[in-house]
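A quick write-up on the structure given underneath.
Residue numbers (our numbering): 1420 to 1553.
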């Protein structure tokens, strides 16, 4: 029996076995990767973390129990607006940027701007760009 007749008789079976082995290896690798991502997300999911929910809403976690995933997580969407969501509805943790402006910082900035506008008189001729001619 030569090589050509061997592959004619058993080539399809060998190809099927190779494909099944590749599918098994690929699925195990994908499962391990998803498990690592889930563990990483569980470590990052703490009260105070900003999250993106599956519905596209952004919020801040108020309470979350990583040990009991059947317990709903409480997410604050806006100050005073808390909702209960299934813990699986948390799509990902949003990393805060360096220049995040909180509501308190914004209000303080507005108050400072109002105070400075009252203390500095404005010259109407300087705004219009006209200069008095002599």
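For glycine and all other residues, C-beta sits at the position ideal for the given N, C-alpha and C.
What span of residues does the alpha helix (DSSP H) with residue i cover, start to end?
i            : result
residue 1450 : 1422-1463
Might you give, ordered along the chain, the residues of its own chain that have their beta carbon closer than 6 Å to the beta carbon of residue i, omitting 5 neighbours on each side?
i            : result
residue 1464 : 1483
residue 1468 : 1480 and 1512
residue 1506 : 1488 and 1492
residue 1473 : 1508 and 1510
residue 1428 : none
For the beta strand (DSSP E) containing residue i, list its first residue and its last residue.
i            : result
residue 1483 : Where residue 1483 is concerned, there is no enclosing beta strand (DSSP E), given that its DSSP letter is neither H nor E.
Name the DSSP bridge partner or partners of residue i?
i            : result
residue 1472 : 1509
residue 1501 : 1495
Could you tell me how far apart the beta carbons of residue i and residue j are, in whole angstroms, since I believe they sit closer than 8 Å?
i            : j            : result
residue 1470 : residue 1509 : 5 Å
residue 1458 : residue 1478 : Incorrect: roughly 22 Å between the Cβ atoms, too far for contact.
Starting from the C-beta of residue i, find all residues in its chain whose C-beta is less than 8 Å away, skip the five residues before and the five after it, and write them out in chain order.
i            : result
residue 1511 : 1460, 1470 and 1471
residue 1454 : none
Is residue i near the ligand HEM, with its Cβ less than 6 Å from a heavy atom?
i            : result
residue 1435 : Of ligands this structure carries none, so the ligand HEM is not represented either.
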